[in-house]
Amino acid sequence: MLEVVQLIKGVRGAPDILPEESGRWQGLEAVARDVLDRYGYAEIRTPAFERTELFVRGIGEGTDIVEKEMYTFEDRGGESLTLRPEATASLMRAYMEHSLGAKSSLVKLYLIGPMFRHERPQSGRFRQFHQIDVEAVGSPGPAVDAEVIALLHHLLGVWGLTGIRLDLNSIGDPVCRPAYRQAFVTYAEAHRNALCPDCHVRLAKNPLRILDCKVPTCQEVAAEAPTISAYLCEPCREHFATVRSLLDCLKIEHRVNERLVRGLDYYTRTTFEFLNPVLGAQNAVAGGGRYDGLVQEIGGPPTPAIGFAIGAERILASLEAQEAAPEAPAYTGVYVATVGAEAFPAALDLVQGLRKRGLRAAVDLEARSLKGQMRQANKDRYRYSVILGSDELARGQATLKDMLSGEQHALPLGEVADRLTRLPDRENA
RNA sequence: GUGUCUGUAUGCUAAUGGCAAGCAGCGUGGCCGUGACCCACGUGAUCCGGAUUCGAAUUCCGGCAGACACCCCA
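The opening position of the first sequence corresponds to residue 6 in this note's numbering, with each subsequent residue numbered one higher.
Rendered as structure tokens:
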């Protein structure tokens with residue numbers, strides 16, 4: 006009996022990045038690395054999984070991520086591990102573990118890689134997705150906040166994103182936030198009847214979230230609610246004012262959005278998001294903030310830090326949305342065509358030599374007809390072709406053809422490589 | 001996790017419950033040693049499982065996957 010084996014498919018929400026798109030990813034990362042280097046950031050690479058406890062304590066017990074979105078499993082020793090749902094906790098763990106702060110007071114790090122959250126996939130949202138995470142650790146001052154935001158703004162510009170918006174807020178610190186939270190809860194309790202069912206849950210669990218609700222009646226309630234700005238303590242107020250004035254000085258447009266309450270427990274003071282309205286419901290392209298309390302949560306000494314995460318998929322989606330037609334790739338390199346099996350060894354040798362000289366070069370490996378080989382050369386957009394057949398071999402020659410003009414002529418086999426390295430290699434049709 | 005819509009070849013699009021077609025792609029040939037244009041031929045599919053039926057791509061149920069929205073976030 007021939008059992009038909011079911012083709013095994015990829016897992017939900019974890020898309021493959023195919024050859025035709027991997028170039029865009031490489032470009033995206035190359036630009037990021039270049040810009041980050043200019044600002045003095047160094048790459049750090051941490052494992053894709055950590056002890057579960059790190060995320061529970063670092064991100065916060067009551068957050069959606071910890072409550073329902075983590076990929077958690079037991080390893081063979083019975084230890085609970087979790088695929089990282091975000092980068093900051095891992096990065097700070099490594100920072101502590103290797104005493105990275107010992108060498109200088111301000112440490113600038115970035116991390117590029119996949120993150121994992123068990124959410125229902127949607128446009129702009131995946132279960133495995135990719136972030137470029139940037140963190141400046143060690144300084145509490147507003148100057149760092151401003152530079153970090155300026156860096157992000159700069160980077161988005163270099164990528165070519167247009168039409169994005171910067172939302173900024175201060176959510177206070179352990180001194181002033183509790184008072185605001187209390188005032189808000191008191192207010193919301195008084196308007197309980199006007200709130201949607203979801204917001205009743207929020208009221209108990211994470212009341213400030215009500216500010217984010219999209220239900221019209223909730224928005225009406227939120228509009229009249231006490232605002233965080235009225236409750237900020239003097240140091241927080243001053244910090245926020247300085248950040249804003251520095252951004253003004255850099256001509257970075259922003260608007261204060263008092264409803265920008267981010268979902269992770271560790272944020273203090275500055276929070277920000279870059280939004281692209283064309284993306285639909287998942288419109289945050291990058292977001293972050295200051296988290297002066299995180300390190301203590303995971304057992305370290307008080308350590309101020311600020312950072313952000315960029316959603317790579319959302320950057321690419323934004324660029325795709327604003328792009329017209331992709332330009333045709335340039336004609337480049339050399340295709341060596343052969344006629345007859347006896348010509349192959351010389352052709353392979355020639356191609357290897359061209360590659361070692363730095364040229365893009367290919368030879369047919371399937372003993373196809375000359376016609377088929379020429380079709381291939383054209384399809385793959387090679388700038389030149391070299392034809393090696395019995396005629397040429399007998400005379401110690403090769404035929405060099407310019408695929409754009411169609412002109413061709415014979416020359417000694419030994420001169421082909423030299424000639425090709427001198428010819429203009431790249432040209433657009 | 002909830003809801004709505006959708007799954008036909010590599011891609012796009014057809015087919016009253018009754019022979020699964022077309023265009024593009026790819027391959028080969030026309031041109032016995034020359035690509036791009038043209039022509040001919042070839043290639044290849046009903047997501048999976050069950051039910052109803054003489055008969056299912058089509059109807060129904062379940063699963064899986066995708067899109068969109070909620071929740072929330074990158």
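Heads up, the beta-carbon is just placed ideally off N, CA and C, and yes, glycines get one too.
These figures come from a predicted structure and were not determined experimentally.
- Message: For the structure I just gave you, are there three or more beta carbon pairs, one from the region 185-196 and one from the region 218-235, closer than 8 Å?
- Response: yes
- Are the Cβ atoms of Gly129 and Gln327 separated by less than 8 Å? no
- Message: Taking 8 Å as the threshold (C-beta atoms), are Ala141 and Lys108 in contact?
- Response: no
- Any idea what DSSP makes of Pro147, helix, strand or coil? helix
- Considering only residues of the same chain and omitting the five flanking positions on each side of Val220, which have a CB-CB separation below 7 Å? Cys201
- Anticipated Cβ contact below 8 Å, Cys146 with Tyr271, distance rounded: In the sequence on display, residue 146 carries Gly and not Cys. Not quite, the Cβ-Cβ distance comes to about 19 Å (not below 8 Å), so this is no contact.
- Phe349: first and last residue of the uninterrupted alpha helix (DSSP H) it sits in: Phe349 to Lys361
- Task: For His414, name the three-state secondary structure that DSSP assigns.
- Result: strand
- Item | Own chain, CB closer than 7 Å to Phe121, minus 5 neighbours either side, in chain order | Tyr76, Leu88, Arg89, Pro90, Arg132 and Gln133
- Task: Taking only the alpha-carbon atoms, compute the straight-line gap between Leu96 and Gly18 and give it to the nearest angstrom.
- Result: 25 Å
- Which of the three DSSP states, helix, strand or coil, is assigned to Pro221? helix
- Task: Take Thr247 and list the residues in its own chain whose beta-carbon comes closer than 7 Å to its own, dropping the five residues that flank it on each side.
- Result: Pro147
- Query: By a C-beta neighbour count over all protein chains shown, 10 Å radius and 16 as the cutoff for buried, is Leu4 buried or exposed?
  - Reply: Coverage of the chain is limited to positions 6 through 434, which leaves residue 4 absent and any answer about it impossible.
- Contact between the region 370-383 and the region 397-404 (3+ Cβ pairs under 8 Å): no
- Start and end residues, beta strand (DSSP E) containing Ser175: Arg170 to Ser175
- Task: Over the uninterrupted beta strand (DSSP E) stretch that includes Ala19, give me the two end residues.
- Result: Taken as a continuous stretch (DSSP letters only), Ala19 belongs to no beta strand (DSSP E), as it is neither H nor E.
- Query: CB Gln31 to CB Ala92, shorter than 8 Å?
  - Reply: no
- Message: If I follow the unbroken beta strand (DSSP E) through Gln402, where does it start and stop?
- Response: Gln402 to Asp407
- Item | Environment of Ile22 [buried if 16+ CB atoms lie within 10 Å] | exposed
- Message: Using only the alpha-carbon positions, how far apart do Asp459 and Arg260 sit?
- Response: Since the first residue shown for the chain is 6 and the last is 434, residue 459 is missing from the structure and cannot be characterised.
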